[in-house]
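*Asks:* Please find one structure pasted underneath; my questions will follow.
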Amino acid sequence: MDELELLKKDWKKNEDTKYPKLSYNEIYKMILKKSSSIVKWIFIISLLEFGLWTAISFAFKNTEYNKRFESYHAENIMIPLLVLGYIILAYFFYKFYMNYRTISATDSAKVLMENILKTRRTVKQYVGFNLIYLALSAFVALGVQFDRDQEMISLIEKASANGEVFKFYALTIIITLVFLAVLIAIILGFYYLIYGILLKRLNRNYKELKKLEV
Amino acid sequence: MNKELEHNFIEELEKNQNIVHKVCRIYTNNQEAHNDLFQEITIQLWKAYPKFRGDSKFSTWMYRVGLNTAITLYRKRKRSIKTEEFDAFQYKISSEPYDDTEEEQLKLLYKAVHQLNDIEKALVFLYLEDKNYKEISETIGISEVNARVKMNRVKTKLKTILNP
Chain C
1 MDELELLKKD WKKNEDTKYP KLSYNEIYKM ILKKSSSIVK WIFIISLLEF GLWTAISFAF
61 KNTEYNKRFE SYHAENIMIP LLVLGYIILA YFFYKFYMNY RTISATDSAK VLMENILKTR
121 RTVKQYVGFN LIYLALSAFV ALGVQFDRDQ EMISLIEKAS ANGEVFKFYA LTIIITLVFL
181 AVLIAIILGF YYLIYGILLK RLNRNYKELK KLEV
Chain F
215 MNKELEHNFI EELEKNQNIV HKVCRIYTNN QEAHNDLFQE ITIQLWKAYP KFRGDSKFST
275 WMYRVGLNTA ITLYRKRKRS IKTEEFDAFQ YKISSEPYDD TEEEQLKLLY KAVHQLNDIE
335 KALVFLYLED KNYKEISETI GISEVNARVK MNRVKTKLKT ILNP
């Protein structure tokens with residue numbers, strides 16, 4: 001006899017009695033509990049991230065460094081950069097929400113997984129944007145400092161008096177680059193850890209489904 | 215209104231809860247995991263219920279949400295899974311007389327099914343539930359032809375696991 005037929009026979013045997021019977025109240029209690037689904041966690045983590053970036057930008061608002069920066073009167077450069085940043089952040093916020101809304105368990109497994117992976121793509125783009133924005137801001141700020149910071153200008157003058165202008169610029173830029181690289185590596189590692197854990201099994205299943213298509 | 219929705223939902227689920235138990239039986243191999251998955255499926259069903267328009271039967275819709283949850287939405291808790299655990303799993307044993315060899319063979323069969331991946335488990339489950347290939351293809355999201363081909367491969371794979 002075919003193995004699966006044997007299994008089917010057993011599967012159907014005493015179907016009504018072999019499983020536990022939960023009462024109305026037990027089911028009622030269950031729907032009050034919180035879901036631990038992958039999608040929910042992706043959404044929550046992206047919200048936390050969004051909050052984190054905003055918090056960091058506010059934390060820098062009143063620091064000594066920021067006050068000094070304000071004295072450069074570089075608003076015409078920094079404000080458009082800031083506005084652009086917030087517009088793009090708002091766009092991502094909207095996309096995260098829409099992704100979350102469109103994911104419903106009622107589609108077929110494949111459509112559902114595609115939707116989850118789409119959410120993941122949005123997260124990736126979001127991460128990419130944040131990192132690029134971070135790098136861009138760092139260099140714009142550096143440029144402004146070269147141009148307007150009194151301390152920096154006097155350092156440059158001292159360096160040029162010694163004939164070391166090039167060395168000075170190169171050194172500053174390299175230090176900034178190294179600092180940025182370390183920061184980006186930390187952030188990337190963090191993302192990789194969180195989303196990697198959440199999406200590992202899902203990716204495996206998606207690949208399996210993809211294989212069925214061939 | 216909301217209370218009424220809740221009441222209808224719980225009554226329907228209470229009536230059809232076997233479907234969820236059966237999904238759990240295929241995807242888990244101990245009581246704790248079974249209860250865990252049962253709860254997650256119940257939550258997902260409840261969340262999706264407002265969108266359930268009655269285009270299909272409640273039970274058909276349950277198959278879909280249940281499997282989707284098991285395949286994609288559910289976060290499996292990290293734990294080492296021992297195949298022996300399944301033997302200890304307390305399902306009410308039939309009172310009918312059975313012969314030992316068949317019983318032994320069934321045990322091995324369930325063990326083999328648990329070694330399949332999530333997608334293959336879904337195929338086996340729908341097959342055991344007497345779903346036709348059209349229903350299988352709709353639930354998983356692949357073509358009917360592919361469902362048929364894959365089902366045959368799963369049968370072969372099970373045979374290989376059983377007779378290495």
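Residue numbers (our numbering), protein chains in the order written: chain C, 1 to 214; chain F, 215 to 378. We put the beta carbon where it would ideally sit given N, CA and C, even for glycine. This one's a predicted model, so the numbers in the text were calculated from it and none came from an experiment.
1. Tell me which same chain residues have a C-beta within less than 7 Å of the C-beta of residue 211 of chain C, skipping the five on either side of it?
2. Can you find a CB in chain F that lies within less than 8 Å of the CB of residue 181 of chain C?
3. Taking the straight line between their C-alpha atoms, what separation do you get for residue 283 of chain F and residue 39 of chain C?
4. Measure the Cβ-Cβ separation of residue 37 of chain C and residue 318 of chain F and say whether it is below 8 Å.
5. Measuring CB to CB, does residue 232 of chain F end up less than 8 Å from residue 15 of chain C?
6. Taking just the CA atoms, how far does residue 259 of chain F sit from residue 307 of chain F?
7. Determine the DSSP secondary structure at residue 367 of chain F, reduced to helix, strand or coil.
8. Could you tell me if residue 60 of chain C is buried or exposed, where buried requires 16 or more neighbouring beta carbons within 10 angstroms of its beta carbon?
9. Does any C-beta atom of chain D lie closer than 8 Å to the C-beta of residue 203 of chain C?
10. Can you give the Cα-Cα distance for residue 151 of chain C and residue 173 of chain C, rounded to whole angstroms?
11. Can you confirm whether the stretch 43 to 50 of chain C touches the stretch 80 to 97 of chain C when touching is taken to mean that 3 or more C-beta pairs between the two stretches lie within less than 8 Å?
12. With a cut-off of 8 Å on the beta carbons, I'd call residue 234 of chain F and residue 268 of chain F a contact; round off their distance for me.
13. Is there a Cβ of chain C sitting closer than 8 Å to that of residue 335 of chain F, yes or no?
14. Starting from residue 256 of chain C, trace the alpha helix (DSSP H) both ways and give me its first and last residue.
15. Given a limit of 9 Å on CB to CB distance, which residues of the stretch 348 to 360 of chain F reach chain C?
16. Can you check whether the C-beta of residue 42 of chain C is within less than 8 Å of a C-beta belonging to chain F?
17. Helix, strand or coil for residue 189 of chain C, going by three-state DSSP, please let me know.
18. Could you work out which residue in C:43, C:130, C:194 is closest to residue 87 of chain C when comparing CA atoms only?
19. Pull up the distance between the alpha-carbon of residue 120 of chain C and that of residue 221 of chain F, whole angstroms please.
20. Which first and last residues belong to the alpha helix (DSSP H) in which residue 278 of chain F is found?
21. For chain F, find out if any of its Cβ atoms is closer than 8 Å to the Cβ of residue 106 of chain C; answer yes or no.
22. Taking only beta-carbon positions, decide if residue 192 of chain C is within less than 8 Å of chain F.
23. Quick one: does residue 19 of chain C have its CB under 8 Å from some CB of chain F?
24. Please list the partners that residue 216 of chain F has in chain C, where partner means a Cβ-to-Cβ separation under 9 Å.
25. Using a Cβ cut-off of 8 Å (strictly closer), state whether residue 28 of chain C contacts chain F.
26. Taking the alpha-carbon of residue 80 of chain C as reference, which of C:133, C:98, C:99 has the nearest alpha-carbon?
27. Can residue 342 of chain F and residue 353 of chain F be called in contact, C-beta distance under 8 Å?
*Replies:* Let me lay it out:
1. none
2. no
3. 11 Å
4. no
5. yes
6. Residue placement at residue 307 of chain F is poorly supported in this model, since its pLDDT is 49, which falls under 50; the coordinates still yield a value, given next. When rounded, the distance between both Cα atoms is 29 Å.
7. helix
8. exposed
9. No chain D is present in this structure, whose protein chains are C and F.
10. 17 Å
11. yes
12. With 8 Å as the limit, residue 234 of chain F and residue 268 of chain F do not qualify as a contact, their Cβ atoms being about 19 Å apart.
13. no
14. Residue 256 of chain C falls outside the range modelled here, since chain C spans only 1 to 214, and no answer is possible.
15. 351, 352, 353, 354, 355, 356, 357, 360
16. no
17. helix
18. C:130
19. 35 Å
20. 272 to 282
21. yes
22. no
23. yes
24. Within 9 Å Cβ-Cβ: nothing; residue 216 of chain F doesn't reach chain C, min ~12 Å.
25. yes
26. C:133
27. no
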